[in-house]
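Trainee: Quick one: the structure is below, questions incoming.
Protein chains: 2
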Amino acid sequence: MAFTLSPIGRIETPWATPAECPRNGRQAQPAPLCRVVMEAEYLPGLEGVEGFSHLLLLYWMHRAGVARLNFTPPFDTRRRGVFATRAPFRPNPIGLSVVAFEGFEAPGVLRVRYLDCVDGTPLLDIKPYLPSTDAEPGASMGWLAPHATPRQD
Amino acid sequence: MAFTLSPIGRIETPWATPAECPRNGRQAQPAPLCRVVMEAEYLPGLEGVEGFSHLLLLYWMHRAGVARLNFTPPFDTRRRGVFATRAPFRPNPIGLSVVAFEGFEAPGVLRVRYLDCVDGTPLLDIKPYLPSTDAEPGASMGWLAPHATPRQD
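Have a look at this one:
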């Protein structure tokens, strides 16, 4: 069983290679402005997006490399399963970021912050962020708790 | 350009058809217990997942039907772009849910709440939910604000 994805756009960030990318979208402070550039055929799907302060972006981590099911993270001393991390080298390398949406620069060009992916990453989906179902500010972070990026907002 | 996904497991829910599914994972109260059943080969990837209270699940909405770029939602009077909604019939029908993780029922079988997908949905990825990057409790919900599902937690 296999499923096929097609990009609906591309993501522009300041990072040319995976090695340059921050550990997460909140690590670089201030978080730089990035752009989402939609393919023209998908522009009708953006109607109504302008009212949301935050969006969920799904993208294809095309530079992730071969999947590894477990590994010792660089800032840790124990082996962790990839599903207990946000590492890019996953069986299905779909990246997910909650971004602040700062409006349209042009039709189909969105200004966003809090990305951590490489420049040119293929975009798969945009979803509105809904705090009623997506926000769990009190969630516990397991082994990652000592490594949490402090929030500046 | 196209990318290929393979399921890493399947999701078991009480809903046999899309028509039976709740509008979102918080609508049914109390939210029923669901199960994520991983393929055996991916079990090593779960090491360390046990410490997280919430997870992000990505899944393939195999019953979504043909993509529609815009449409009038059933509880609305205006046309909306699909990227301003969480509707399943998207160009890349990847579903995303923030779920409460209630532990392992068996190795590779996770007990979770707050799903809204149909029984048998193919699982694509599990990520730990990190409030430091994923929680935006004050986000504004645009046209969906009047339709927000009240939180009971």
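Line by line, the protein sequences are chains A and B. Using the numbering used here, read the first sequence as starting at 90 and increasing by one per residue. Using the numbering used here, read the second sequence as starting at 90 and increasing by one per residue. Glycine residues also receive a C-beta, built at the ideal position from the N, C-alpha and C atoms.
Figure out for me which residue from A/D223, A/T166 and A/L212 has the closest Cα to the Cα of B/L219.
Mentor: Per the Cα distances, A/D223.
Trainee: Tell me whether B/T210 sits in a helix, a strand or coil according to DSSP, three-state version.
Mentor: It is a strand residue.
Trainee: For a test of the three-state rule: what should DSSP assign to A/L233, helix, strand or coil?
Mentor: If DSSP states are grouped into helix, strand and coil, A/L233 belongs with the helices.
Trainee: Among residues of its own chain, excluding the 5 on either side of A/Q118, which ones have a beta-carbon nearer than 7 Å to its beta-carbon?
Mentor: Same-chain partners within the cutoff: Q241.
Trainee: Run through the DSSP bridge pairs and tell me what A/S186 is partnered with.
Mentor: Bridge partners of A/S186: A/L146.
Trainee: Would you mind working out which of B/H143, B/F164 and B/L132 sits nearest B/H236, comparing C-alpha positions?
Mentor: Comparing Cα-Cα distances from B/H236 to each of B/H143, B/F164 and B/L132, the minimum goes to B/F164.
Trainee: With a floor of 3 residues, list each beta strand (DSSP E) that falls wholly inside the segment 127-179 of chain B, ordered by position along the chain.
Mentor: Within the segment 127-179 of chain B, the complete beta strand (DSSP E) runs of at least 3 residues are 143-149.
Trainee: Can you pull the chain A neighbours of B/R202, defined as C-beta to C-beta under 8 Å?
Mentor: Under the 8 Å cutoff, chain A gives no residues; its nearest Cβ is about 12 Å from B/R202.
Trainee: Is any beta-carbon of chain A found at less than 8 Å from that of B/M90?
Mentor: Taking Cβ atoms only, chain A reaches closer than 8 Å to B/M90, which makes this a yes.
Trainee: Closer than 8 Å is the cut-off here; do at least three beta carbon pairs connect the segment 178-191 of chain A with the segment 150-165 of chain A?
Mentor: With the cut-off at 8 Å, the segment 178-191 of chain A and the segment 150-165 of chain A touch.
Trainee: Which residue wins for smallest C-alpha separation from B/A234, given the options A/T102, A/V125 and A/P217?
Mentor: The shortest C-alpha separation from B/A234 is found at A/P217.
Trainee: List, in chain order, every chain B residue whose beta-carbon is nearer than 9 Å to that of A/M230.
Mentor: The answer, in chain order, is G140, F141, S142, P217, Y218, L219, P220 and S221.
Trainee: Rounded to a whole number of angstroms, what is the C-alpha to C-alpha distance between A/L135 and A/A108?
Mentor: Going from the Cα of A/L135 to the Cα of A/A108 covers about 32 Å.
Trainee: Pull the bridge partners of A/I97 from the DSSP assignment, please.
Mentor: Answer by DSSP bridge pairing: none, since A/I97 is not bridged.
Trainee: What does the alpha-carbon distance come out to for the pair A/A173 and A/H151?
Mentor: Approximately 21 Å, taken between the alpha carbons.
Trainee: Would you kindly report the start and end of the unbroken alpha helix (DSSP H) that includes B/D205?
Mentor: From DSSP, B/D205 is part of no alpha helix (DSSP H); its letter is neither H nor E.
Trainee: Give the DSSP-derived three-state secondary structure of B/A224 in the structure shown.
Mentor: B/A224: coil per DSSP, three-state reduction.
Trainee: Going by DSSP, which residues form a beta bridge with A/L217?
Mentor: Looking at the sequence itself, residue 217 of chain A is Pro, so the reference to Leu does not match. Note: A/P217 sits in a beta bridge opposite A/L144.
Trainee: Could you say which of A/R167, A/M90, A/E194 and A/C123 lies nearest to A/C206 if we only look at CA atoms?
Mentor: The shortest C-alpha separation from A/C206 is found at A/C123.
Trainee: Straight-line CA distance for A/G98 to A/R115?
Mentor: Taking the straight line from one Cα to the other gives about 23 Å.
Trainee: Nearest by alpha-carbon distance to A/E225: which of B/S186, B/V171 and B/W149 is it?
Mentor: Comparing Cα-Cα distances from A/E225 to each of B/S186, B/V171 and B/W149, the minimum goes to B/S186.
Trainee: To the nearest angstrom, how far is it from the Cα of B/T166 to the Cα of B/W232?
Mentor: Their Cα atoms are separated by approximately 11 Å.
Trainee: With C-beta atoms as the reference, is A/G192 less than 8 Å away from A/R202?
Mentor: No, the Cβ-Cβ distance between A/G192 and A/R202 is not below 8 Å.
Trainee: Taking 8 Å as the threshold (beta carbon to beta carbon), is A/T93 in contact with chain B?
Mentor: Judged by the 8 Å Cβ criterion, A/T93 is in contact with chain B.
Trainee: From the DSSP output, read off the bridge partner residues of A/L199.
Mentor: Note: A/L199 sits in a beta bridge opposite A/V125 and A/F193.
Trainee: Rounded to whole angstroms, what's the CA-CA distance from B/P239 to B/N113? Just pull it up for me.
Mentor: For B/P239 and B/N113, the distance between alpha carbons rounds to 11 Å.
Trainee: By the 7 Å beta-carbon criterion, what residues does the segment 155-168 of chain B contribute toward chain A?
Mentor: Listed in sequence order: L158, N159 and R168.
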